[in-house]
Amino acid sequence: MRDKDPIEIHKEKLKLWFSHLPQEEMQFGGYFSPETMHIDPLILARNPEDAKYGPFKTNVLCGPSLAVEQLFAPTSDSMGQGMNVLLYGAVGTGKSTVVRKLVLDWCDGSTLSQFKLLVPFSCEDLSQLSKSSSLRDLVGRKYMHLRRTPLLSGEANQAKEVLFIFNSIEKMKLDFRISNSELCSDPNEPLPAGTVVVNLLRKYLLPEASILVTTRLSALERIPKKYVTRYAQICGFNDPDRQQAYFTSRLLQSTTNLSRETESLVELLYLNLQRESQLAAACFLPSYCWLTCATLHFLHFTDDKAPIRTLTGIYTSFLRLNFGGEILDTGGSMNPQDDQKSLMLYIVRTVGKLAFDGVSKKRTLFTVEDLEQLVGGKTKTDEELQQLAVFRTDVLDFFLVPSVESKMSFDHIEADEKRFVFAVPAMQEYLAALYVVLGENKTVLEKLSKEVSVAFGQVGDDVTNLMTILSKFIPLRIFALFNLLKLFPSLFEKFSSYSKGHIARTMAAEMFRSEDSYNEDVLDQVEQSLLGVQGPAPKQQLDSKSFELYPIFMGGLLHYGNRRLLDQLGCNIKSTTVAQITRTLKKHLVRESRKKLPPEELMDLLVLLYEFQNPRLTAEVLLSVKTLDLSTVRMTPLKCVVLSSVLSCTSSSFTLNDLVLSSCHLNKELLPMLCPAFRHTRSLNLQFNSLGPEACATLKELLLDPNCTIKSLQLCDNPLLDSGLSSLLQALQRNRSLRHLFLMHTGMGDTAALELAEKLASHSVLQELNVAYNNIGDSAALVLVDACRDHPSIHTLHLYLNQLSDVGKQSLYVRGTRGKQGGTGRQVKVLASVTEGTDISDQWHPILSIIGKNSMQWERERVREQLMVFLRDLEWGRRQQHSIWKKLYFRRVENGVKQTLRMLEKASALSTKSGPH
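Just so you know, the sequence shown maps onto residues 25 to 941 in our numbering.
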């Protein structure tokens with residue numbers, strides 16, 4: 025059998041390697057692939073001296089744009105040599121993504137077909153090699169199938185069909201001085217990896233081969249200009265159309281059920297981009313487009329089947345994608361390890377400090393002076409200056425961008441008046457939280473105590489051994505002095521413990537700020553920051569805002585998964601630190617959770633516990649919670665998962681007294697996600713939602729669960745209709761927990777009412793039944809009353825606001841009290857009107873109260889008609905009375921009905937006035 029062509033093997037393997045998605049992409053469920061989600065960023069043919077970059081200059085886009093295949097278009101001065109193309113750009117502009125797409129397209133034969141062989145290298149990998157190797161060994165080590173390829177032999181001009189790619193050249197220390205990197209033209213001669221790359225670029229080694237090098241801005245000068253044939257700057261997504269194309273390719277593929285809701289999400293996002301919002305400025309960088317998509321995917325496409333993801337985890341993954349393994353290389357030391365510091369840790373200590381100061385002072389806008397202080401403030405040494413030069417060039421633009429509010433007038437204001445903001449507002453809160461959790465906001469005393477502790481601790485370890493030997497010859501008084509040395513570490517431990525407690529107290533204080541109590545919940549705030557606020561909104565100053573994500577990020581950063589990722593970035597949060605913070609935090613959360621919190625604040629607490637991902641802490645905090653009132657919180661799939669996940673951390677015996685989810689926009693899709701939460705409550709309030717007949721199947725399964733603990737179920741004001749109620753009522757035969765069932769204003773007709781009357785006999789523990797404000801007529805209502813009277817435990821039946829005649833109401837009252845009059849059956853309190861015959865109903869006040877509370881959501885004309893019937897009944901009953909006190913009592917109830925009627929008419933008038941003209 026003929027051996028397979030090594031080039032074809034190479035293409036197959038490259039396609040496999042470069043199609044592999046990083047773990048950060050797999051969190052989206054594997055929907056994405058490089059072929060379907062790639063959008064070409066803007067690439068300009070531009071020399072470095074023409075490019076304007078840096079935190080204090082606006083980006084000016086000039087120069088001809090290039091497609092990737094045009095990068096190697098021949099030039100007049102190539103003289104038969106291969107081309108050296110230098111593709112440069114800031115962090116997050118998409119250099120690695122362009123390389124990935126280029127390799128895959130070459131493998132498919134759709135681009136750069138003039139090259140028979142493409143050999144990509146990671147400069148980070150090459151920088152780790154300590155052993156000298158020849159070019160052919162370097163290629164053969166990574167691509168075994170290319171060990172004997174003649175294209176790399178150096179014979180004739182075969183190398184003209186070869187393209188080398190060196191990605192992230194800033195990771196290597198290239199030295200073009202001949203004294204430090206000898207000349208070499210033999211591809212078989214072993215040399216340090218850096219020297220091999222230098223000779224390729226010099227065109228001493230395989231001069232016919234072409235080379236593509238990618239680099240960050242700070243490393244542009246590492247390759248002399250005479251060795252670069254063409255410069256190209258990658259500029260990211262420079263217009264809303266590119267950004268929309270990216271969002272569409274991702275978000276419309278992120279769900280298997282393509283719906284109008286998903287399309288509306290993309291439309292809202294595009295509208296926000298077109299408004300030249302701060303988001304549009306951030307999405308100039310493709311990395312921030314990724315972060316935006318990841319956040320929206322988290323907010324809108326999380327469900328109970330997806331793996332657990334957190335907002336903190338998304339931001340941590342984002343930083344790992346952009347700064348994973350990065351070090352701040354200062355040079356100048358004989359030992360390379362001395363020159364290497366974690367870039368992420370340096371970011372935390374500089375940009376994180378700026379973020380923390382902004383959060384502490386409620387600021388989102390920063391001046392040029394603030395940034396100058398950040399990157400050059402008290403710098404003394406040459407090493408620090410070199411660090412800051414690299415940092416300013418590569419990193420600062422990534423986090424801070426000109427404010428859209430002031431950008432319009434940048435050309436007309438002084439430099440000192442310019443304002444900058446974090447590219448994504450939540451990034452300020454994340455970095456501030458990381459700055460605190462890493463303990464970088466220590467006081468001078470705390471920092472001094474640590475240094476003294478370390479110094480004296482080391483002395484103590486050394487001297488202890490010596491003192492043990494000499495203890496028989498030294499007076500005991502000497503040991504008193506020696507023990508002072510060991511005092512400092514214990515003092516430091518006290519300072520350290522206080523510091524960790526301070527972090528926990530800060531989290532609790534920021535979490536429960538009274539001025540933020542009635543803001544929208546934090547997840548809605550995140551969504552609005554991405555999609556914008558539709559319609560008129562109160563104008564708010566950028567310098568005055570709440571930072572409610574800040575404490576939630578602090579909690580999320582303590583989770584093991586995030587700590588593990590941060591450790592890879594050089595930011596170590598020790599387990600002992602987490603334990604100390606957690607102990608103190610638990611006390612504060614337990615104390616706050618006992619208070620009656622507004623629904624939005626309570627939702628934020630649940631989000632904090634979810635981000636923390638600490639089941640033990642969550643269970644201990646919830647032990648003090650008896651009621652979860654989330655009424656009016658706009659529930660989304662994510663919030664449903666958060667609620668169920670948090671309650672699932674508790675023991676199976678834990679039950680809430682009340683779980684209130686009224687007016688939460690619940691529908692049939694969201695209800696199944698909440699079932700784990702429903703199993704931990706005695707009273708479940710689901711009124712004023714959008715639960716239709718299809719939702720009753722889920723409720724039926726919930727009630728049929730042998731471990732069901734629900735004693736009170738409120739389904740009022742949901743369009744369940746007879747078809748849905750027929751399914752729900754089947755659960756009554758086997759359920760043994762339900763005591764109170766509220767089906768007011770659910771569209772129940774005579775059919776469902778008669779079926780309910782039939783099913784009551786099989787459910788022996790029901791005590792109260794509310795079917796008010798439905799479409800039940802006289803005959804069905806009488807059957808229902810008889811069934812309740814024959815029931816062993818039902819004591820109250822609500823029937824007001826139904827299609828009942830005056831005769832029917834009187835009959836209902838007589839049937840309900842037959843047991844009292846000597847007939848068979850029990851006495852049942854039937855609430856059909858504010859009157860019972862010629863008397864006032866004992867329940868007139870609750871009836872009017874329920875009508876008044878719900879009349880704004882009900883059909884106002886029907887409610888008005890029923891109130892008029894109440895007035896007529898009251899007037900007739902008052903005329904039958906002889907006692908002046910009875911007449912006055914009737915007058916009092918009449919006034920209550922009239923007051924409810926006036927309130928309804930006033931609301932109707934306001935609604936008409938505010939309607940469209």
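Cβ coordinates follow ideal geometry from the N, Cα and C atoms, glycine included.
Query, Result
"N191 and S146 closer than 7 Å at C-beta", "yes"
"Check whether T733 and T679 have beta carbons under 7 Å apart", "yes"
"Residue nearest to V649 in terms of C-alpha spacing, selected from M659, Y634, P661, L630", "L630"
"Span of the alpha helix (DSSP H), counted from its first residue to its last, around D328", "No alpha helix (DSSP H) contains D328, which DSSP labels as neither H nor E."
"Exposure label - Y584; buried when at least 16 CB within 10 Å", "exposed"
"6 Å CB neighbourhood of V487 in its chain, flanking five on each side removed", "Caution is warranted here: a pLDDT of 44 is assigned to V487, below 50, making its placement in the model unreliable, and the coordinate value is therefore given only provisionally. None."
"Buried or exposed by the 16-neighbour rule on C-beta atoms within 10 Å, applied to W900", "exposed"
"Cβ neighbour criterion (16 or more within 10 Å) applied to M168", "exposed"
"Start and end residues, beta strand (DSSP E) containing D591", "Element bounds for D591: not the beta strand (DSSP E) but the alpha helix (DSSP H), 584-592."
"Same chain only: Cβ atoms within 8 Å of V807, ignoring 5 sequence neighbours per side", "A777, L778, A781"
"C147 - containing beta strand (DSSP E), residue span", "Premise fails: C147 lies in the alpha helix (DSSP H), 147-151, not in any beta strand (DSSP E)."
"Within 7 Å, strictly: CB atoms of A330 and A456", "no"
"Assigned exposure category for S686 - 16 Cβ within 10 Å defines buried", "buried"
"3 or more residues per run - each beta strand (DSSP E) lying fully within the region 845-917", "853-855"
"Helix, strand or coil at S157 according to DSSP, with G and I counted as helix", "strand"
"Pair within 7 Å by beta-carbon distance, L928 and S879", "yes"
"Bounding residues of the alpha helix (DSSP H) (the contiguous stretch that carries E287)", "284-298"
"Nonlocal neighbours in the same chain, by C-beta distance under 6 Å from S672, ignoring five residues either side", "P700"
"Cα-Cα separation between S301 and E551, rounded to whole angstroms", "14 Å"
"For M451, the nearest candidate out of K166, E464, V425 (CA to CA)", "V425"
"Three-state secondary structure assigned by DSSP to L828", "coil"
"Buried or exposed (CB count within 10 angstroms, at least 16 for buried), W130", "buried"
"N919 - DSSP class collapsed to helix/strand/coil", "helix"
"Neighbourhood of F503 by C-beta distance below 6 Å, restricted to the same chain and skipping five residues each side", "Reliability of the predicted coordinates at F503 is poor, the pLDDT of 48 falling under 50, and no value is obtained from them."
"Closest by C-alpha distance to I338, when choosing among A811, E635, L420", "E635"
"Supposed contact pair Y112 and L320 - C-beta distance, whole angstroms, cut 8 Å", "With a Cβ gap of about 30 Å, L320 and Y112 do not count as contacting."
"Straight-line gap, D263 to S43 (C-alpha atoms, nearest Å)", "27 Å"
"For M627, the nearest candidate out of A603, H612, D653 (CA to CA)", "D653"
"Selected residue, minimal CA-CA separation from F96, among L187, K833, L646, L395", "L187"
"Strand pairing of A256, partner residues [DSSP]", "L111"
"C-alpha gap between E572 and L694, whole angstroms", "26 Å"
"CB contact flag (I351, L367, <7 Å)", "yes"
"Candidates T99, E407, R640, of which the one nearest K365 by Cα", "E407"
"Distance between beta carbons of L728 and R758, contact taken as under 8 Å", "6 Å"
"Beta-carbon spacing of T253, N108 below 7 Å", "yes"
"Delimiting residues of the alpha helix (DSSP H) encompassing Q604", "599-617"
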